[in-house]
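In what follows, a single structure is set out as structure tokens and then discussed.
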Amino acid sequence: MYDIRNCQLANRTCADDFIVSPDLISKYISQLSENQNIKKVYDVLLTADGPEIYLCLASMFVPLETPISYYQILQETLKYQWLAIGYRLMKYLHDETRFFGIVLNPDKQEQIIFSKNDKIIILAENIMPSTPNSTQIRRYRLAISGKPR
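FYI, the numbering for the sequence shown is 12 to 160, going by the working numbering.
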């Protein structure tokens, strides 16, 4: 989104979609100026043929209402050759101070208790409809300058 204030409007609709803003582009340029090797990572992530971000119900991987470490979540997602990059706790859906429930790159020892609609954020290539529990997966493409791919 071009205007960060629009995040509040998007949150009212309970939309899970993300549109990358110029704010992210400026952060990319800052990181690139400090470490040019990171360009290779961004080239893979931001190409049309690169991996996509998926939100999968936590129940696909872990038991609900039971403390589990993020390391265990990583182990479960790697069985599918997917990479967990974070999670979303829906009880914080409207809490801006908790980033609307989104946690990226959490501490691997952190104990998390997932509830029914909580999600694990996955980085993967082409999760196909034939994937087990594919109805529990939502796909998101990275978009630059507000133009979705």
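Glycine residues also receive a C-beta, built at the ideal position from the N, C-alpha and C atoms.
Does the beta-carbon distance from residue i to residue j come in below 7 angstroms?
i	j	result
Y81	K119	yes
D106	A69	no
L75	F125	yes
W93	I133	yes
Look up residue i in the DSSP assignment and say whether it is helix, strand or coil.
i	result
P140	In this prediction, P140 has a pLDDT of 49, which is less than 50 and means its spatial position is unreliable; what the coordinates show is noted afterwards. Three-state DSSP puts P140 in coil, outside helix and strand.
V40	Looking at the sequence shown, residue 40 is not Val but Ile. Helix.
E63	strand
K102	helix
E55	Per the sequence shown, the amino acid found at residue 55 is Val instead of Glu. In this structure, V55 counts as helix in the three-state DSSP scheme.
Cα separation between residue i and residue j?
i	j	result
V114	G97	5 angstroms
P33	Q42	14 angstroms
E63	Y53	13 angstroms
N48	E136	22 angstroms
K102	K51	36 angstroms
Which residue's Cα is closest to the Cα of residue i: the options?
i	options	result
I131	R109, L104, L85, K50	L85
Q122	E136, L134, I79	I79
L57	E87, L35, L100, R109	L35
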